Structure formats: C-alpha cells, structure tokens
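Here it is in structure tokens:
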C-alpha cells in the first residue's frame, strides 16, 4: 500500500515488511520521508524513529529497507530477523538476515 509499506519521492524510497496493519496506521513509508524532509533527519534517524518508536509503541513488528537521495541506506527491524540486502552510494554491500550480520 502506497504510503504505508511502499513510498518513493525526491527524498527517499522505502519498502517495508512486517505486520501490515501497523505500517498502515503509522503511514510508515510516508512518515519516514516526512521526517527527512521536515525534521532534517538522516534516513537512518527517520527509519529508527518509525521502526523502533512508532511501530513498537503500537505493537507492530517488522522492518524497512530505505535509501535516501544521496544513496545512504537504512535497514532497521524490530523483530528477530529480516532478510535484507543493499548496496549504498559508496558501493558498500550488505546481505544479512539476523542482527549483527551486517
């Protein structure tokens, strides 16, 4: 759903996975972009605020894969593990499932 689990604009692109209802209620993808745009947060700060803050407060678990317009990548998750892979603007590759593997 655009705005919840999927979002892309001039500031960032976000793809989310987890308990969908909570991502919809938080408008997670849009919220991450809004935090970057209006609060001048980095993609990592914005994602952390939503994934570890808003979603957990509501009882939602899951994570996001997000990249900002500078190629910086954020891969936060608040559950046991999340299949994820990315390559950032500097060419740094990440492939992992569990915490501490990246």
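Residue numbers (our numbering): 4 to 105. Each residue gets a CB set at the ideal place from its N, CA and C atoms; glycine is no exception. Predicted model only: the values in this text are computed from it and were never measured.
- Under the three-pair Cβ rule at 8 Å, the segment 58-66 counts as touching the segment 9-21.
- In the displayed model, residue 51 falls within a helix according to three-state DSSP.
- Collapsing the DSSP output to three states places residue 40 in a helix.
- When Cβ pairs closer than 8 Å are counted between the two stretches, the segment 5-14 is seen to touch the segment 33-44, the count reaching three or more.
- With fewer than 16 other beta carbons inside 10 angstroms of its own, residue 72 counts as exposed.
- Boundaries of the alpha helix (DSSP H) around residue 29: 23-29.
- When the alpha-carbon of residue 84 is set against those of 90, 105, 75 and 37, the nearest one is in 105.
- When the Cα atoms are used, residue 28 and residue 52 turn out to be separated by approximately 15 Å.
- In the three-state reduction of the DSSP assignment, residue 45 falls in the coil class.
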